[in-house]
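The structure appears right after this line, and notes come after that.
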Amino acid sequence: MSTGLHSAAVHRPSRLRGTIAIPGDKSISHRALILNALARGRAHIDGFLDAADTRSTLACLRALGAHIEPASAGAVVVHGAGRASLHEPEDVLDCGNSGTTMRLLTGALAGLPMFAVLTGDASLRRRPMDRIVQPLRALGAELSGRADGRLPPLVVRGGALRGGQRIESRVASAQVKSSILLAALAADGPTTVVEPEQSRDHTERMLRAMGAGVTIDGGTVTLTPPAGDLRAVDVTVPGDISTAAPWIVAATLHPDAELLLTGVGVNPTRTGLLDILWSMGAAIELLEERESGGEPVADLLVRSAALHGVEVGGALVPRAIDELPLVALAGALASGETLIRDAAELRVKESDRVATTAEMLRAFGVTVEERPDGMRVRGGASLRGAAVGSSGDHRLAMLGAVAALLAEGETAIDDSGAVAVSYPDFWRELARLGGVQESLRG
Ligand code: S3P
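Counting in our numbering, the sequence shown runs from 2 upward without gaps.
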């Protein structure tokens, strides 16, 4: 998302200490809206993430006739009246910067008898959609899109779908898996989705709680649609570990740091960053481990630590996919070398995150070798402040901010407003921690 509005000036504070309440999980917030809009009954969603991406989902669902209203203290209430209550949208559905919105809604629409067109911003219109178009066609949906169905805008003419199929995804992607599972709700029998490595399982957990039959065996999920509509469920959204990630990495790498991050979701399909940092020597403690709304939650206490380089690949990659740019930064300040492989998916995120991460780290003085499926980072770097840009990518804006907290001298981050996609309060929190000198307009 390119807000074009702000530039942030960030410097290294002498100490990094404090407590941060981590905002709601983006993936779970999207799912709580979409699944409850398809369900029957009233659902209260507590801890809902109010950010640009989840607002895109909310607006699209309203355009489809869903009744969603704000409740107290940032919560929302979805009044589900079943799948059949949703109607054909009068206009194009704008998914903004959000791949999750486009891919999950396309799956849901594939099983609904209506015509819909989905588009998004310039970044989203560059992202691959054949990964959902092909499997949804295999279930019997009529779909087309720009570049022979590879790129948005997408056109969906949904309807009854064929069950009894086994769909193999080439990529470990929860967006692809969830898109297929949402379509499979409208199939006339069970559907199996197989992915090369297991991706995040929030959709499966929620579908199960709503009365669908879901069995999981590693990277294989089988959904048996419920006899009628899904049952609405109240959701307490845990804090987003991907939102906590910049703080986790900043506190680990800063020489005088201790941060307490509260209410963080620690679903094992999302905690790859913790496993990677522990293997590098990090001092991260999980406190008050508990369960909330079908998801494991903990407070994280993170202290400064000296790290050594690692090799990251295989099943760890989908468990840390949005955190890999931060892993590259950790590698730059670790001893030895860090290699990230099997991560070609990074190239098709909100930006090409292999290229944009390498470019940003180089600006801070790091030696990085780009590879087709990841990067090799030379450790032992001394970061120096730089003028960098977010490339309109929220995770890159936050990567730049964390690097700036660790660098000698001042850093200017252009298009810093991109953080609004997932973490609108990011710069305020950073200022509270003493890292932002000024925020400029222009
Ligand atoms: C998401 C899944 C991931 C992740 C994205 C959110 C989701 O994408 O990068 O930020 O909510 O399902 P992929 O599943 O395509 O890797």
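Every residue gets a Cβ at the ideal spot worked out from N, C-alpha and C, and that includes glycine.
Secondary structure in the stretch 43-116: the beta strand (DSSP E) runs of 3 residues or longer, each lying completely within the stretch, are 68-71 and 77-82 in chain order. Remark: the shortest separation between the CB of residue 95 and any heavy atom of the ligand S3P does not fall under 8 angstroms. The way I'd put it, the stretch 297-304 doesn't touch the stretch 321-328; fewer than three beta-carbon pairs between them come closer than 8 angstroms. As far as DSSP is concerned, residue 173 takes part in no beta bridge. Non-local beta-carbon contacts of residue 169 in its own chain, meaning distances under 6 angstroms to residues more than five positions away in sequence, involve 195 in chain order. Annotation for residue 346 indicates a beta carbon within 8 angstroms of some heavy atom of the ligand S3P. Under the three-state reduction of DSSP, residue 198 is assigned to coil, being neither helix nor strand.
For the 9 angstroms CB-CB criterion, residue 260 and residue 20 form a contact. Relative to the ligand S3P, residue 174 has its C-beta within less than 8 angstroms of a heavy atom. In this structure, residue 81 places its C-beta atom within 9 angstroms of the C-beta atom of residue 40. Around the CB of residue 71, fewer than 16 other CB atoms lie within 10 Å, so the residue is classed as exposed.
With a threshold of 16 other beta carbon atoms within 10 Å, residue 57 meets it and is buried. In the three-state DSSP reduction, residue 145 falls in the strand class (E or B). Uninterrupted alpha helix (DSSP H) stretches at least 4 residues long and entirely within the stretch 264-302 occur at 273-281, given in chain order. Per the coordinates, the alpha-carbon of residue 121 lies some 6 angstroms from the alpha-carbon of residue 98. In this structure, DSSP gives residue 345 a helical state, which the three-state scheme calls helix. Beyond the five residues adjoining it in sequence on each side, residue 282 comes within less than 7 angstroms, by CB distance, of 306, 307, 308 and 309 in the same chain, given in chain order. Contact between residue 115 and residue 89 holds: their C-beta atoms lie close to 4 angstroms from each other, under 8 angstroms. Residue 376 sits in a strand when the DSSP states are folded into three classes.
By the neighbour-count criterion, in which 16 or more other beta carbons inside 10 Å mark a residue as buried, residue 324 falls on the buried side. Beta-bridge annotation (DSSP): residue 17 is paired with 258. DSSP places residue 415 within a strand segment (E or B) once states are collapsed to three.
Scanning 345, 391, 382 and 7 for the CA closest to the CA of residue 374 turns up 345. Note on geometry: alpha-carbon atoms of residue 32 and residue 302 lie some 28 angstroms from one another. In this structure, the ligand S3P has no non-hydrogen atom nearer than 8 angstroms to the beta-carbon of residue 394. Comparing C-alpha distances from residue 205 to each of 176, 256, 230 and 54 shows the shortest one belongs to 176.
For the 9 angstroms CB-CB criterion, residue 26 and residue 61 do not form a contact. Relative to the Cα of residue 59, the nearest Cα in the group 73, 38, 43 and 45 belongs to 38. By the criterion of at least three beta-carbon pairs nearer than 8 angstroms, the stretch 231-251 is in contact with the stretch 45-52.
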